[in-house]
Every structure is written in C-alpha cells, then in structure tokens.
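In the numbering used here, the protein residues as written are 3 to 239.
Even for Gly, the Cβ is constructed at its ideal location relative to N, Cα and C.
Note that the coordinates shown come from a computational prediction; the quantities given were computed from them, not determined experimentally.
Everything on this sheet refers to the single structure shown next.
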C-alpha cells in the first residue's frame, strides 16, 4: 500500500514485486517468526532465488531500507542496486532490560494498551510534512495491520530479535550503487542520517526532496520516480 503511488510510474518499464514482510501489511503476524534483519534478508533472498530474478534493485523504506542493506551484504551477487528511502540508520539493539521484560506475559497487554493509545491518524501526522493529504483510505490501510490481534507479537519480536543497524565498517563493504532518498522535513529519520549514510556507503548518491517528511513516497511520488530514473541513467551498474 505504501508504494501504491510510485507503482504507476514504474509499470510498463520494470517488473515490480511488492512484498508485505512477515508481521506487516497483509502478511502473517506471529510469535513463531524470528524478527531479525538477518531473517528478513533471508526471506527476500529466498524469494529472489525461487523466482529466478536477475538485475534486482531493492527499494526499501525506513526499516525496509536497513533490511535491504542486510540483504545486499549477505549475498551481494544477487542484488544490482539499492534505493533506500528515509532509511533507518545507526540504531542500536534494544535495551537488554526491555528485552528481558518483553518475555513476561504482561508485555502483550502493555503493547496492546500502547497501540490503543496511539491513533493511526496522529501517527501519520508525525510522518508527513503535508498532513492535508491524510484521507480515510490511508487511515484504514495503515490502521488495519496495527489493529490485528497478533500485531503485538510483531512489535515484541522486533524488540527482542532486531539486531542493531549496520555499523560503518559493514556499510563500507557494500559496493552496490545506492540511491538515498530523503524528505527534507523528515522528523522520524532526519536528513542528517542520510548524510551520514552517504559518507559510509562508497557508491551512494543522496537526493533530498523539499516539502516532504518521512513518507516521501506518499507526498512526492513523481519527484521520487524522477530521482530514481536519473540515478539509473547515471549509475555504473
């Protein structure tokens, strides 16, 4: 859903595969999945292998960007390039005490109360520069997976299993062409993170888009596509 405004620009020129990762969108929410970046990367690589895909460019938003980096680092020959949109960067592992308490039965109740307290529309407002674009379709679509009974298992799994984001020494091993796309007004993952990633990823290009927040694809899909096309045309694959 979050890529629905970009897809029309890509259709007809590229083969497109949009994946709801385990725990998100229409995919299963379960306590029986290890919610680590490494495991997510393995799922993507299995998908690529089973379909026999070639010349793969991964487009990942926020945490999806970090998962894309893990994927490229795990099997670089399977990936042609990366487009990282407002990519998570330099976050550490969860606090060990938070992980410890997450294993108690009351943790599920706490997470459900936390979800109930935070309205979807209010959360969307923090991710956008132009909040006027919020409509009922967005509220329903972004709210549906969050309101599913087992979404708390996704959040608890991420708390327990998520490794820290890749450190500089690992980022510097990724030689793929990388496009870093950012909204100038991103309050969730600020532009300075993109600047830092640009310094650590040896073959990267940073494009910042004015009047856009963390959900830059929602707000500026045409500009995102233009940056993508220019990057493809000028990068050495």
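Assignment of residue 190 by DSSP, reduced to helix, strand and coil, places it in the coil class. Under the three-state reduction of DSSP output, residue 101 falls in the helix class. Proximity to residue 161 across 181, 100, 217 peaks at 100, based on C-alpha coordinates.
Secondary structure of residue 207 (DSSP, three-state): strand. If you ignore the 5 residues before and after residue 230, its C-beta comes within less than 7 Å of the C-beta of 85, 181, all in its own chain and listed in chain order. In the DSSP assignment, residue 16 forms a beta bridge with 13. In the assembly as shown, residue 171 is an exposed residue. Its beta-carbon has fewer than 16 other beta-carbons within 10 Å. Under the three-pair Cβ rule at 8 Å, the stretch 139 to 147 counts as touching the stretch 117 to 127.
Contact between residue 43 and residue 176 does not hold, since their C-beta atoms are separated by about 13 Å, which reaches or exceeds 8 Å. Taking the Cα of residue 91 as reference, the smallest distance to any Cα among 173, 187, 238 is reached at 173.
Relative to the Cα of residue 118, the nearest Cα in the group 49, 149, 14, 38 belongs to 149. For residue 54, the number of other beta carbons within 10 angstroms of its own is below 16, and it is reported as exposed. Residue range 39 to 53 is occupied by the alpha helix (DSSP H) that includes residue 40. For residue 69, the enclosing alpha helix (DSSP H) stretches over residues 65 to 76. Where residue 226 is concerned, the enclosing alpha helix (DSSP H) starts and stops at 223 to 236. Rounded to the nearest whole angstrom, the C-alpha separation of residue 16 and residue 34 is 34 Å.
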